[in-house]
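Participant: Below you'll find the structure I mean.
In the numbering used here, the protein residues as written are 16 to 110.
So, in structure tokens, the structure goes:
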């Protein structure tokens with residue numbers, strides 16, 4: 016669940032999608048104008064925090080909501096058995 020401040024900003028600025036392309040509004044607060052001005056820079060700098068590499072299944076989890084899990088788009092289903100979690104993608108050094 017999102018932090019309260021995140022929920023308040025989303026509601027105030029009517030942000031219905033996770034990462035809109037623009038947050039420009041005709042009239043808004045100083046914070047809204049500042050965020051709007053640098054929104055593209057912010058979008059380009061966003062990274063995902065994956066959490067536990069043992070619990071995230073890169074091929075079975077949904078990364079893009081409108082597309083569903085990646086396994087639905089694989090040409091070779093054998094890959095599903097090779098990559099069960101992100102842990103399977105890491106070497107002994109965690110790289």
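Idealized CB from N, CA, C, for every residue including glycine. Predicted, not measured: the structure shown is a model, and the values here were computed from it.
Considering only their Cβ atoms, is the gap separating residue 37 from residue 43 smaller than 9 angstroms?
Facilitator: Cβ distance not < 9 angstroms, so residue 43 and residue 37 don't count as in contact.
Participant: Suppose contacts are defined by Cβ-Cβ distances below 9 angstroms. Is residue 28 in contact with residue 40 by that definition?
Facilitator: Yes; because the gap between Cβ atoms is below 9 angstroms, this pair is in contact.
Participant: In whole angstroms, what is the alpha-carbon distance linking residue 24 and residue 76?
Facilitator: Looking at the two C-alpha atoms, the distance is approximately 28 angstroms.
Participant: Quick one: residues in its chain with C-beta nearer than 6 angstroms to the C-beta of residue 103, no 5 flanking neighbours on either side, listed in chain order?
Facilitator: Within the same chain, residue 103 has no close Cβ partners at all.
Participant: By the three-class DSSP mapping on this structure, what secondary structure does residue 60 have?
Facilitator: The answer is coil: DSSP assigns residue 60 none of H, G, I, E or B.
Participant: Measure the C-alpha to C-alpha separation of residue 18 and residue 83 and round it to an integer number of angstroms.
Facilitator: Rounded to whole angstroms, residue 18 to residue 83 spans 26 angstroms at the Cα level.
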